[in-house]
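Undergrad: So for the sequence shown, the numbering used here puts the first residue at 431; every next one is plus one.
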Amino acid sequence: MIRPIILICLFVLPASFCQAQPAQQAQPAQPAQTQSDKAIAVATAFVNDLISDTSVENLMNLCTVPFCHDDTVIVVTRKELRTSLTQLLKASAPYKEKYHPRVDSAYVLDMRKEVLFEMVPINIYFTVVNLKFTAQGKEATKMLIFAVQLSDEAKIVGIQE
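Now the structure itself:
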């Protein structure tokens, strides 16, 4: 009989004198990222990478083939995509120093959701990224339109200036 009393004294009583830890407040759940948010995020990341002299590999990770740019060129292999993106990086380099472009805003302009031939899903978000830059001491803007394919992850499949 003494043994249970000793156990109670050894374990229960000291615990009653300990200060309780304050209960952690539950963090509010972050809202799930919408498809539009994903399209905006990948298009904005592409432009930011382009502005910041990133490597072609970073741009490649944001794109997939088939890839179309300027409504005239369709790229069907990763090798051709690498060549096109390398040319884009080289062509934009002189303008970065001169005009200091920066992302002003981005939004989804339109979307196309359908299934071709009853088996090929098309889930394209046409996303606009507005650039601001300084030209001759004045603020100017330029609009870029991205076609973003959403499946498991968002990938850019087209660019139009």
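Note that CB positions come from ideal geometry on N, CA and C, so glycine has one too.
Count the other C-beta atoms from every protein chain shown that fall within 10 angstroms of the C-beta of Gly588, then say buried if there are 16 or more, exposed otherwise.
TA: Looking at its Cβ environment, which holds 16 or more other Cβ atoms inside 10 Å, Gly588 is buried.
Undergrad: Taking 9 Å as the threshold (beta carbon to beta carbon), is Gly567 in contact with chain E?
TA: The structure shown has no chain E; it contains just one protein chain.
Undergrad: How many angstroms separate the CA atom of Phe556 from the CA atom of Lys585?
TA: Spanning the two alpha carbons is a distance of roughly 12 Å.
Undergrad: Please specify which runs of the beta strand (DSSP E), each continuous and at least 3 residues long, are wholly inside the segment 495-556, giving them in chain order.
TA: The qualifying runs are 503-505 and 532-546.
Undergrad: Which one of Ala570, Ser466 and Val558 has the shortest CA to CA distance from Ser535?
TA: Nearest C-alpha to Ser535: Val558.
Undergrad: In terms of residues, what are the limits of the beta strand (DSSP E) holding Thr571?
TA: That run of the beta strand (DSSP E) goes Lys568 to Leu580.
Undergrad: With H, G and I counted as helix, E and B as strand and the rest as coil, what does DSSP make of Gln590?
TA: Three-state result, Gln590: strand.
Undergrad: So Leu489 is in the alpha helix (DSSP H); what residue range does that whole segment cover?
TA: Val486 to Asn491 is the span of the alpha helix (DSSP H), which, as asked, contains Leu489.
Undergrad: Between Ser526 and the rest of its own chain, which residues show a CB-CB distance below 8 Å, the 5 nearest in sequence each way excluded?
TA: Before going on, a small fix: residue 526 reads as Lys here, not Ser. Once the five neighbours on either side are set aside, the close Cβ partners of Lys526 are Ile481 and Asp483.
Undergrad: Assuming Val495 contacts Leu519 (C-beta within less than 8 Å), just tell me the rounded distance between them.
TA: Actually they do not touch by this definition, with Cβ atoms about 18 Å apart.
Undergrad: Helix, strand or coil for Thr564 per DSSP?
TA: Three-state result, Thr564: strand.
Undergrad: Given Gln449, which residues of its chain have a CB within under 8 Å of its CB, disregarding the five upstream and five downstream residues?
TA: A caution first: Gln449 carries a pLDDT of 46, below 50, which makes its placement in the model too unreliable to give a value.
Undergrad: Within 8 Å, do at least three Cβ pairs link the segment 564-580 to the segment 471-478?
TA: Result yes; three or more Cβ-Cβ pairs closer than 8 Å.
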